[in-house]
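Enquirer: Counting from 1, one number per residue, gives the positions in the sequence shown under our numbering. Don't be surprised by glycine CBs; every beta carbon is placed ideally from N, CA and C.
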Amino acid sequence: MIDENQECPTCGNENPEYLKECPWCGSQKCDLCDMGDDTACMNCEGE
1 MIDENQECPT CGNENPEYLK ECPWCGSQKC DLCDMGDDTA CMNCEGE
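Here it is, written out as structure tokens:
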């Protein structure tokens, strides 16, 4: 079961529509900070 009220660890969104794993760095990203699987997420940029 997916916890729909989970906070996004990447951008801090408290009510994400979805959380998915970034294929580049493996961290979770939500509908607000997910810019597509072909683009690095905010966590990738810090690496």
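What does the alpha-carbon distance come out to for the pair MET1 and GLU17?
Expert: Summary for MET1: the model assigns pLDDT 45, below 50, so the residue's position carries little reliability; its value from the coordinates is reported in the next sentence. Cα to Cα, the separation comes out at about 15 Å.
Enquirer: Grab me the residues of MET35's own chain with a C-beta within less than 8 Å of its C-beta, minus the 5 sequence neighbours each way, in chain order.
Expert: Once the five neighbours on either side are set aside, the close Cβ partners of MET35 are CYS41.
Enquirer: So, helix, strand or coil for CYS33, using DSSP?
Expert: If DSSP states are grouped into helix, strand and coil, CYS33 belongs with coil.
Enquirer: Any idea what DSSP makes of GLU7, helix, strand or coil?
Expert: coil
Enquirer: Going by DSSP, what residue range makes up the beta strand (DSSP E) through GLU21?
Expert: 19-21
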